[in-house]
Ligand SMILES: Cc1cn([C@H]2C[C@H](O)[C@@H](COP(=O)(O)OP(=O)(O)OP(=O)(O)O)O2)c(=O)[nH]c1=O
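Numbering (my numbering), first residue to last: 695 to 879.
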């Protein structure tokens, strides 16, 4: 049995590209239990906590989990609490390059394989009007950094360097590689 430990519809859709048949079991963890640390360590830790909570209940299964954050100048941006929080995030990210990090954790055949993928995302300078128009789409609500690059958020983006799918929440070619790798840490 293959279990995707995620409530994210994007992760479900992306995983279908490499795993034809899997179950979804979202993990509920208290993200506040994770202390402040470097973004790559943070997403790896959160992915691990999500994965372990599902793997404990399903010891025979292959379990995949992930966590995505945006990082800019030493600050980690998760999902915004509300519209005001989202507006502030977009103002901060405007006209600069930030990093999207996804931690991936896989329990397979009695071993753990994990990695972190980074993508650099450069935003256009965003006017107040652009930000308000974007926020009106409500797309920001469940997205780290308050934007969805796969949706209207694409209009905020000047360029990226790295895996597009990593920004969306699951670096699918890395997942495919992890699934076949003998040693990947
Ligand atoms: C930056 C960015 C993030 N996101 C999403 C990916 C993640 O789903 C979300 C970050 O939240 P996460 O906490 O990584 O994941 P989740 O709560 O959606 O799902 P689960 O913990 O159950 O696996 O932000 C986009 O969809 N597009 C983007 O451009």
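C-beta atoms are modelled at their ideal positions from N, C-alpha and C, and glycine is treated no differently.
Taking the Cβ atoms as the reference, residue 741 lies roughly 4 angstroms from residue 799, within the contact range of under 8 angstroms.
Here residue 860 carries a helix assignment [DSSP, helix/strand/coil]. Not one heavy atom of ligand 1 sits closer than 7 angstroms to the Cβ of residue 865. For residue 837, the closest alpha carbon among the candidates 797, 862, 855 is that of 862. When DSSP states are grouped into helix, strand and coil, residue 761 belongs to the strand group.
Counting along the chain, residue 743 sits inside the alpha helix (DSSP H) bounded by residues 733-751. The Cβ atoms of residue 758 and residue 829 lie no closer than 8 angstroms to each other. DSSP places residue 812 in the strand class (E or B) of the three-state scheme.
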